[in-house]
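All remarks here apply to the structure that follows.
2 protein chains.
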Amino acid sequence: MAALDRSLVADLPIFSGLAPADLDDLLRDAQSIRYPKGVPVFTQDEEAHSFFVLLHGNLRVLKVTPDGQQVVVRFVSAGEVFGVAAAIGRTAYPATASAVVDSIALVWPSAIWPRLVARHPSLAVNILQTVGNRLQDAHTRVVELATEEVERRVAHALLRLAKQSGRKVEAGIQIDFPISRQDVAEMTGTTLHTVSRILSAWEDRGLVEGGRQRIVIRDPHKLFLIAEGPPPKD
Amino acid sequence: MAALDRSLVADLPIFSGLAPADLDDLLRDAQSIRYPKGVPVFTQDEEAHSFFVLLHGNLRVLKVTPDGQQVVVRFVSAGEVFGVAAAIGRTAYPATASAVVDSIALVWPSAIWPRLVARHPSLAVNILQTVGNRLQDAHTRVVELATEEVERRVAHALLRLAKQSGRKVEAGIQIDFPISRQDVAEMTGTTLHTVSRILSAWEDRGLVEGGRQRIVIRDPHKLFLIAEGPPPKD
DNA sequence: CCCGTATATTGATCCCGCTCAAACCCACGG
DNA sequence: CCGTGGGTTTGAGCGGGATCAATATACGGG
Numbered sequence: 005m006a007a008l009d010r011s012l013v014a015d016l017p018i019f020s021g022l023a024p025a026d027l028d029d030l031l032r033d034a035q036s037i038r039y040p041k042g043v044p045v046f047t048q049d050e051e052a053h054s055f056f057v058l059l060h061g062n063l064r065v066l067k068v069t070p071d072g073q074q075v076v077v078r079f080v081s082a083g084e085v086f087g088v089a090a091a092i093g094r095t096a097y098p099a100t101a102s103a104v105v106d107s108i109a110l111v112w113p114s115a116i117w118p119r120l121v122a123r124h125p126s127l128a129v130n131i132l133q134t135v136g137n138r139l140q141d142a143h144t145r146v147v148e149l150a151t152e153e154v155e156r157r158v159a160h161a162l163l164r165l166a167k168q169s170g171r172k173v174e175a176g177i178q179i180d181f182p183i184s185r186q187d188v189a190e191m192t193g194t195t196l197h198t199v200s201r202i203l204s205a206w207e208d209r210g211l212v213e214g215g216r217q218r219i220v221i222r223d224p225h226k227l228f229l230i231a232e233g234p235p236p237k238d
Numbered sequence: 005m006a007a008l009d010r011s012l013v014a015d016l017p018i019f020s021g022l023a024p025a026d027l028d029d030l031l032r033d034a035q036s037i038r039y040p041k042g043v044p045v046f047t048q049d050e051e052a053h054s055f056f057v058l059l060h061g062n063l064r065v066l067k068v069t070p071d072g073q074q075v076v077v078r079f080v081s082a083g084e085v086f087g088v089a090a091a092i093g094r095t096a097y098p099a100t101a102s103a104v105v106d107s108i109a110l111v112w113p114s115a116i117w118p119r120l121v122a123r124h125p126s127l128a129v130n131i132l133q134t135v136g137n138r139l140q141d142a143h144t145r146v147v148e149l150a151t152e153e154v155e156r157r158v159a160h161a162l163l164r165l166a167k168q169s170g171r172k173v174e175a176g177i178q179i180d181f182p183i184s185r186q187d188v189a190e191m192t193g194t195t196l197h198t199v200s201r202i203l204s205a206w207e208d209r210g211l212v213e214g215g216r217q218r219i220v221i222r223d224p225h226k227l228f229l230i231a232e233g234p235p236p237k238d
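Top line first, the protein sequences correspond to chains A and B.
Residue numbers for the first sequence follow our numbering, so the first one is 5 and each next one is one higher.
Residue numbers for the second sequence follow our numbering, so the first one is 5 and each next one is one higher.
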């Protein structure tokens, strides 16, 4: 297999604190794999054979309930680790990750994780950070789902997407991968119908601009006000 | 300060893989503090000065929204670590933890965390496990809040409480700390009124037995069926 | 270029669970 | 022993958002 250059990963926060020699050492065990749009990288309940760093593209991570309903856990952007089930002591993946656009990831076999942390302890510390941040995010979502009405949850979801994967365009900030109304619904615990109605209303007010699998935020500030402000009707 | 005996913590999973000498080393930096019923151990947004292991009692961890609504994040039982904000790179606690009964915890200053992991790398691995499990739990709650109706969510919450903190009594399994309808409502994103109605209905059917800040599960299996089964109305 | 399919919009209706309101009950302190 | 207050129960009514249904629109493939 072709040798991977450490410049690929040198700047990623997960590898911060590692010497160039350490990076070379890590990369010896990695291979780079391409996942065309739509293809699953791993699937829920499958044995957690590998863990990954996304080099290019975007993934959608989703959980499916026994009765077939889907919940979007998160979107993965370039530079992030994902599929770290092995590191947190799971033998199976808790969700499915699929490419939403053609993507490329570095792949390590889960089996070498113990050896890796033993040799590079700061890896465990960095991953702990990452998992900790995700725990925070998850708790934030729990609070939102438990206390906020749908419109505010959708506003929060869009703002988070914009921050994480927003690209500046003439008209505002665009989510830079294809995302459907259904996706937004599955992120916020509602239906595509309700999301569509909300976006239409916002479009009338000039807050966003819609399209097929495309969302542009024209007025982030007004959206923020909806996310944080109004409902307290006192 | 009195020396703490390592038998206090030797069996806890967070300290698995540590030699007795390591435990003694850890305990040198710890002190044991008593928190009477109702007293907060730490509060949301406060600087994360310490991290903890609960030796005795139970805590309720809650997040408060800007508009004053409360969400119960979890209950802490004896033997668990909590307040590990420092380990995941936070400088402030993301929630408030209060004693629901008189409790005792081991307390370490957050400042020594870096030194501790450097000296005992398996600590980071163990904490990573713990945080990973919590991430799983949080995602489970997200899925429940996003897809299940209230009755199922309450059933799931009670079953989880029973598994985590259930005590066998003649009549069934009792949650072994005082828990109000309001608490259950704040765990499941509903109102105490709805919880009260649901519990009353279940009591009529002989599934549970209620009381002031007291819940006994008489028929876990039937409760499980409610949690998993019915709503798919196909 | 046209068709087929996936995505999106919009209307009409229904119902779960929230809100508002009023008792009630028990534990506890004075 | 009675009064007080926190926890609980129960009723009545409404509304946010789901469901059901139909149409519109855009993209990809042959």
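Backbone N, C-alpha and C fix where the C-beta goes; we use that ideal spot for every residue, glycine too.
Short CB-CB distance (under 9 Å) between residue i and chain A
| i | result |
| --- | --- |
| leucine 239 of chain B | Nothing can be reported for residue 239 of chain B: it is not among the residues displayed for chain B, which extend from 5 to 238. |
| histidine 53 of chain B | no |
| lysine 67 of chain B | yes |
| histidine 143 of chain B | yes |
| glutamate 155 of chain B | no |
| glycine 193 of chain B | yes |
| glutamine 48 of chain B | no |
| alanine 159 of chain B | no |
| valine 199 of chain B | no |
Interface residues of chain B facing residue i [CB-CB closer than 7 Å]
| i | result |
| --- | --- |
| arginine 138 of chain A | Leu139 |
| glycine 93 of chain A | Gln133, Gly136 |
| proline 17 of chain A | Those do not exist, as proline 17 of chain A stays about 10 Å from chain B at its closest Cβ, beyond 7 Å. |
Cβ pair residue i, residue j closer than 9 Å
| i | j | result |
| --- | --- | --- |
| isoleucine 221 of chain A | isoleucine 177 of chain A | yes |
| threonine 192 of chain A | alanine 161 of chain A | yes |
| leucine 22 of chain A | leucine 127 of chain A | yes |
| valine 75 of chain A | valine 85 of chain A | no |
| asparagine 62 of chain B | alanine 90 of chain B | no |
| threonine 151 of chain A | glutamine 73 of chain B | yes |
| isoleucine 92 of chain A | valine 135 of chain B | yes |
| valine 146 of chain A | alanine 142 of chain B | yes |
| aspartate 187 of chain B | leucine 120 of chain B | no |
| arginine 185 of chain A | leucine 203 of chain A | yes |
For residue i, the nearest candidate out of the options (CA to CA)
| i | options | result |
| --- | --- | --- |
| arginine 164 of chain A | A:Thr151, A:Glu153, A:Ala175, A:Ile179 | A:Ile179 |
| isoleucine 108 of chain A | A:Thr69, A:Ser200, A:Pro40, A:Gln186 | A:Pro40 |
| leucine 31 of chain A | A:Asp49, A:Val57, A:Pro98 | A:Val57 |
| alanine 231 of chain B | B:Ala205, B:Glu148, B:Val105, B:Ser204 | B:Glu148 |
| proline 118 of chain B | B:Val154, B:Glu153, B:Ala166, B:Ser54 | B:Ser54 |
| alanine 101 of chain A | A:Val88, A:Gly93, A:Ile18, A:Thr95 | A:Val88 |
| valine 80 of chain A | A:Arg94, A:Ala96, A:His60, A:Gln73 | A:His60 |
| alanine 122 of chain B | B:Asp29, B:Val146, B:Leu8 | B:Asp29 |
| leucine 8 of chain B | B:Trp112, B:Thr198, B:Arg138, B:Ala142 | B:Trp112 |
| isoleucine 18 of chain B | B:Leu66, B:His124, B:Phe46 | B:His124 |
| aspartate 106 of chain B | B:Arg218, B:Val154, B:Val45 | B:Val45 |
| valine 129 of chain A | A:Lys172, A:Ser20, A:Arg201 | A:Ser20 |
| valine 104 of chain B | B:Arg64, B:Asp71, B:Arg156 | B:Arg64 |
| proline 70 of chain A | A:Glu51, A:Leu227, A:Val43, A:Ala99 | A:Ala99 |
| proline 224 of chain A | A:Lys172, A:Asp15, A:Arg185 | A:Lys172 |
| leucine 227 of chain A | A:Arg209, A:Ser114, A:Val13 | A:Arg209 |
| glutamate 50 of chain B | B:Ile37, B:Arg94, B:Leu16, B:Val13 | B:Arg94 |
| alanine 52 of chain B | B:Gln140, B:Gly233, B:Ala115 | B:Ala115 |
C-beta neighbour in chain B for residue i, strict 9 Å
| i | result |
| --- | --- |
| valine 43 of chain A | no |
| threonine 151 of chain A | yes |
| valine 146 of chain A | yes |
| proline 98 of chain A | yes |
| alanine 115 of chain A | no |
| alanine 122 of chain A | yes |
| proline 235 of chain A | Note on proline 235 of chain A: pLDDT 47, under 50, position unreliable in the model; no value is reported. |
| glutamine 73 of chain A | yes |
| alanine 231 of chain A | no |
As assigned by DSSP and simplified to three states, the class of residue i
| i | result |
| --- | --- |
| glutamine 74 of chain B | strand |
| proline 236 of chain B | The predicted position of proline 236 of chain B is uncertain, since its pLDDT is 43 and thus under 50; a value taken from the coordinates is nonetheless stated next. DSSP places proline 236 of chain B in coil when its eight states are reduced to three. |
| leucine 229 of chain B | helix |
| serine 102 of chain B | strand |
| serine 54 of chain B | strand |
| glutamine 178 of chain B | strand |
| leucine 59 of chain B | strand |
| alanine 23 of chain A | coil |
| leucine 66 of chain B | strand |
Partners in chain A for residue i, counting only beta-carbon separations shorter than 8 Å
| i | result |
| --- | --- |
| leucine 8 of chain B | Here the premise fails: no neighbours, minimum Cβ distance about 25 Å. |
| valine 129 of chain B | Val121, Ala128 |
Contact list for residue i against chain A, beta-carbon separation under 9 Å
| i | result |
| --- | --- |
| alanine 23 of chain B | Correct list: empty, because the minimum Cβ distance to chain A is about 16 Å. |
| alanine 109 of chain B | Under the 9 Å cutoff, chain A gives no residues; its nearest Cβ is about 20 Å from alanine 109 of chain B. |
| valine 77 of chain B | His143, Val146, Val147 |
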